[in-house]
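Asks: Quick one: the structure is below, and I'll ask about it shortly.
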Amino acid sequence: MVAQPRAEAAQAGWREFIIEALIRVLGFSTIGFVLLIFLFLLREGVPTFYEVSPSNLFGTHWYPTFDLFGTLPLLLGSALVTVTAILIALPLGVATAVFVREVAPDWAREVLKPLIEVLAGIPSVVLGFFGMHVIAPLIRETLGVPTGLTVFTGGLLLAYMALPTIISVAEDALDAVPKSFRDAGLAMGATQWQTIWRVVVPAARSGITTAVLLGMGRAIGETMAVMMVTGNAARMPFTLDSLFRPARTMTATIAAEMGEVAQGSTHYHALFGIAIILFLLTFLINLVAASTIFKKQRRGGLR
Amino acid sequence: MSRYWVQRLGFALLGLTALAVVVPMLLVIGTIVVEGMGAISWEFITAMPSDGMKEGGIFPALVGTLLLTLGTALVAIPIGVGGTIYLAEYARDTWVSRCIRLAIINLAGIPSIVYGLFGLGMFVLFLKMGTSILAGALTLAIMTLPVIISTAEEALRAVPTEFRTVSASLGGTRWQGIRYIILPQALPGIITGVILGLLRAAGETAPILFTVAAFFLPRLPQSPFDQTMALPYHLYVISTQVPGMPLRIQYGTALVLLALVLSMNLAATVIRSYFRRRRQW
Numbered sequence: 027m028v029a030q031p032r033a034e035a036a037q038a039g040w041r042e043f044i045i046e047a048l049i050r051v052l053g054f055s056t057i058g059f060v061l062l063i064f065l066f067l068l069r070e071g072v073p074t075f076y077e078v079s080p081s082n083l084f085g086t087h088w089y090p091t092f093d094l095f096g097t098l099p100l101l102l103g104s105a106l107v108t109v110t111a112i113l114i115a116l117p118l119g120v121a122t123a124v125f126v127r128e129v130a131p132d133w134a135r136e137v138l139k140p141l142i143e144v145l146a147g148i149p150s151v152v153l154g155f156f157g158m159h160v161i162a163p164l165i166r167e168t169l170g171v172p173t174g175l176t177v178f179t180g181g182l183l184l185a186y187m188a189l190p191t192i193i194s195v196a197e198d199a200l201d202a203v204p205k206s207f208r209d210a211g212l213a214m215g216a217t218q219w220q221t222i223w224r225v226v227v228p229a230a231r232s233g234i235t236t237a238v239l240l241g242m243g244r245a246i247g248e249t250m251a252v253m254m255v256t257g258n259a260a261r262m263p264f265t266l267d268s269l270f271r272p273a274r275t276m277t278a279t280i281a282a283e284m285g286e287v288a289q290g291s292t293h294y295h296a297l298f299g300i301a302i303i304l305f306l307l308t309f310l311i312n313l314v315a316a317s318t319i320f321k322k323q324r325r326g327g328l329r
Numbered sequence: 006m007s008r009y010w011v012q013r014l015g016f017a018l019l020g021l022t023a024l025a026v027v028v029p030m031l032l033v034i035g036t037i038v039v040e041g042m043g044a045i046s047w048e049f050i051t052a053m054p055s056d057g058m059k060e061g062g063i064f065p066a067l068v069g070t071l072l073l074t075l076g077t078a079l080v081a082i083p084i085g086v087g088g089t090i091y092l093a094e095y096a097r098d099t100w101v102s103r104c105i106r107l108a109i110i111n112l113a114g115i116p117s118i119v120y121g122l123f124g125l126g127m128f129v130l131f132l133k134m135g136t137s138i139l140a141g142a143l144t145l146a147i148m149t150l151p152v153i154i155s156t157a158e159e160a161l162r163a164v165p166t167e168f169r170t171v172s173a174s175l176g177g178t179r180w181q182g183i184r185y186i187i188l189p190q191a192l193p194g195i196i197t198g199v200i201l202g203l204l205r206a207a208g209e210t211a212p213i214l215f216t217v218a219a220f221f222l223p224r225l226p227q228s229p230f231d232q233t234m235a236l237p238y239h240l241y242v243i244s245t246q247v248p249g250m251p252l253r254i255q256y257g258t259a260l261v262l263l264a265l266v267l268s269m270n271l272a273a274t275v276i277r278s279y280f281r282r283r284r285q286w
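Below you can see the structure in the form of structure tokens.
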């Protein structure tokens, strides 16, 4: 190697040192962002908890104009819409993942995978718009309910928004099941169908659970589409027909009301309080989902 | 033999569920294209809205979205690529790198409306940027980071270890190896990740609701500290907040937004498959 003049080499070394330090900082920045987000939510949201009495906060009425900040109907609204979405998306998603990974001929896979990616890219406001103009009227007419803007409409849209996540993660999980598992099943005289459902899918169980959890996280946090099609009535969904009545989710409440509140008012703090709940909820879901991912990496044996 | 019939029936059913996933999506796109085509004209794209948005075009909203996306790119690309390089090339598998991964997974899972409130609390109010393109772009940039990092990391990790070994054996430092060998090889994957992240930013509404979006502002923003209209928010406004809005304009706006996002999606797919085929390792 040609000897570099010492000064030049030292300069290059310094530049490199600075670049590497910068990269390190950028690497850690994501942790910083999560902390910053939580910090600012706390800063604006924590006052709720001493401005509003607990019995009010966990009450059943959300009427901010009358100082009623009962978050229960919003929590239940979110829960009901999310559960509906998952009940639709779970069978559809797992079956599609199995089809794409295990059954479909190559050409079908080549068509399906990019299409599912396209579905993931459709903006939620566009889906909400479509839901308002096409699905809601359809539901109103076929079911004869007073309005098509219902929990079910929202759940249906959310299911399709969660599907790309569920399908791709479940597919990865199926992909991680070693070929020897399938061979063993077939060698025992089982049909491919039997092998899929009794060997491959059970072996991929933890990955499929992760898929559903991540899909659920997406569904809880979805805002625009849900706000546009669930009707936004903050009522307790206790009756049997609640599925086909309007409801209001936490996300929609924030999106609909934040624009009109005075900064620093109790209502303003309460909306940030809801955001804290949402943050913690999705954090928890992702933590559980991630722990199954990490466990799989550590064990490593299943591959 | 009957179990083979079970299998046939089962496979057919699985195929049908796959169709049940894809067909409604094609219906959404098809409906919006068919209903929206009629509204699309040169004037619709390049004119200011007029008569309470019931006439004219969507020019300021389109420009606003493009500017926001550009701003997001300026912030998110350096942070995202730097973070990716750290994760893929420097970080060892310790509790620290696990924390970073966990942070990325959580950033990906935080609801978009929560990003909106964070942006409002930190950029708009605390840092006193006001509702501005700057505040919106910063908020969107943080939201797109996990998408960029996870896609780009895959691209960096796909570059064979030998490349690093050879670079080091020729006397290259670690950074030189990354700068001249790894990054150029992984570039298509990184670009794909960036586009996927940006298309999310371009289509999102909730994070910009309180950080940048203007209800009606028939002029172009003059600086990063201005508010602006944006396509997704504009679609939300004209389909829910303005009574008597002609359906044609609503569908037209939806079509422009959809076309913008889908073309970005297409670009990402094409880049990825083109380079995957050309790759020699």
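Line order of the protein sequences matches chains A and B.
If you're matching positions, the first sequence starts at 27 in the numbering used here and goes up one per residue.
If you're matching positions, the second sequence starts at 6 in the numbering used here and goes up one per residue.
Think of the CB as a built atom: it goes at the ideal place given N, C-alpha and C, for glycine as much as any other residue.
Relative to chain B, which residues along the region 288-305 of chain A have a C-beta separation below 8 Å, given in chain order?
Replies: Against chain B - using a Cβ distance shorter than 8 Å - the residues of the region 288-305 of chain A are Q289, L297, F298, A301, L304 and F305.
Asks: State the Cα-Cα distance for the pair I196/B and I192/A, rounded to the nearest angstrom.
Replies: So the two alpha carbons sit approximately 25 Å from each other.
Asks: Going by beta carbon distance, what residues of the same chain come within less than 8 Å of L328/A, once the five residues before and after it are set aside?
Replies: Residue confidence is low: L328/A scores 43 on pLDDT, short of 50, so the model does not pin down where it sits. Its coordinate-derived value is still stated next. The answer, listed in chain order, is A202, V203, P204, A229 and K322.
Asks: Examine the Cβ distances between the region 170-180 of chain A and the region 48-68 of chain B and report whether three or more of them are shorter than 8 Å.
Replies: Segments in contact, no.
Asks: Residues of chain B with CB under 7 Å from P26/A, in chain order?
Replies: Residue 26/A lies beyond the range of chain A shown here (27 to 329); nothing can be said about it.
Asks: Just list the residues that DSSP pairs G257/A with in beta bridges.
Replies: In the DSSP output, where bridge partners are listed per residue, G257/A has A273/A.
Asks: Roughly how many whole angstroms lie between the Cα atoms of A273/B and G182/B?
Replies: Approximately 26 Å between the Cα atoms of the pair.
Asks: Find out if the Cβ-Cβ distance for the pair A199/A, A237/A is shorter than 8 Å.
Replies: In this structure, A237/A lies closer than 8 Å to A199/A by Cβ.
Asks: Using a Cβ-Cβ distance under 8 Å, would Q37/A count as near chain B?
Replies: Judged by the 8 Å Cβ criterion, Q37/A is not in contact with chain B.
Asks: Taking Cβ positions only, does M234/B come closer than 8 Å to chain A?
Replies: Judged by the 8 Å Cβ criterion, M234/B is not in contact with chain A.
Asks: Check whether the Cβ atoms of L175/A and T110/A lie closer than 8 Å to each other.
Replies: No. Outside cutoff.
Asks: Flag A47/A as yes when its Cβ comes closer than 7 Å to any non-hydrogen atom of the ligand NAD, and as no otherwise.
Replies: Ligands displayed in this structure: none; no statement on the ligand NAD is therefore possible.
Asks: How about G181/A and A251/A: do their beta carbons lie closer than 8 Å?
Replies: Taking 8 Å as the Cβ cut-off, G181/A and A251/A do not qualify as a contacting pair.
Asks: So, with DSSP's three-state summary, where would you put S291/A?
Replies: Three-state result, S291/A: coil.
Asks: CB-CB under 8 Å to M53/B, same chain, minus the five flanking residues each way: which ones, in chain order?
Replies: Once the five neighbours on either side are set aside, the close Cβ partners of M53/B are G61, G62, F64, P65, P223 and R224.
Asks: Where does W40/A land, buried or exposed, given buried means 16+ other C-beta within 10 angstroms?
Replies: The residue in question, W40/A, is exposed, as its Cβ has fewer than 16 Cβ neighbours within 10 Å.
Asks: Starting from the C-beta of L92/B, find all residues in its chain whose C-beta is less than 6 Å away, skip the five residues before and the five after it, and write them out in chain order.
Replies: Excluding residues within five positions, the ones whose Cβ falls inside 6 Å are E158.
Asks: Can you give, in chain order, each stretch of the alpha helix (DSSP H) that sits fully within the region 111-192 of chain B and has at least 4 residues?
Replies: If we require 4 residues or more, the alpha helix (DSSP H) runs fully inside the region 111-192 of chain B come out as 117-124, 138-163, 166-174 and 179-182.
Asks: Answer yes or no: does any C-beta atom of chain B fall closer than 8 Å to that of N312/A?
Replies: At least one chain B Cβ lies under 8 Å of N312/A.
Asks: Where do the N-terminal and C-terminal ends of the alpha helix (DSSP H) with A259/B fall, by residue?
Replies: First-last of the alpha helix (DSSP H) with A259/B: L252 to R283.
Asks: Considering only C-alpha positions, which residue in the set L139/B, L112/B and G85/B is nearest to L125/B?
Replies: Looking at the Cα atoms, L139/B is the closest of the given residues.
Asks: From the DSSP secondary-structure annotation, give me the bridge partner or partners of T233/B.
Replies: Answer is A218/B, bridged to T233/B.
Asks: Output, in sequence order along the chain, the residues in the region 130-155 of chain B whose CB is closer than 9 Å to any CB in chain A.
Replies: Under the 9 Å Cβ criterion, the region 130-155 of chain B contributes L130, F131, I147, L150, P151 and I154.
Asks: Going along chain B, which residues have a C-beta under 7 Å from E70/A?
Replies: Those within 7 Å of E70/A in chain B are G126.
Asks: Could you give the distance in angstroms between the alpha-carbon of I234/A and the alpha-carbon of L240/A?
Replies: Taking the straight line joining both Cα atoms gives about 10 Å.
Asks: So which residues on chain A does E167/B lean against when the C-beta distance must stay under 9 Å?
Replies: Residues of chain A passing the Cβ test: none, with the nearest at roughly 21 Å.
Asks: In angstroms with no decimal places, state the Cα-to-Cα distance between A113/B and L184/A.
Replies: The alpha-carbon atoms of A113/B and L184/A are separated by roughly 17 Å.
Asks: Below 8 Å on the Cβ atoms is my guess for V80/B versus A142/B; work out the distance and round it to an integer in Å.
Replies: About 6 Å; that satisfies the 8 Å criterion.
Asks: Would the region 83-102 of chain B count as touching the region 153-170 of chain B if we require 3 or more Cβ pairs under 8 Å?
Replies: Touching, yes, given that three or more Cβ pairs across the two stretches are closer than 8 Å.
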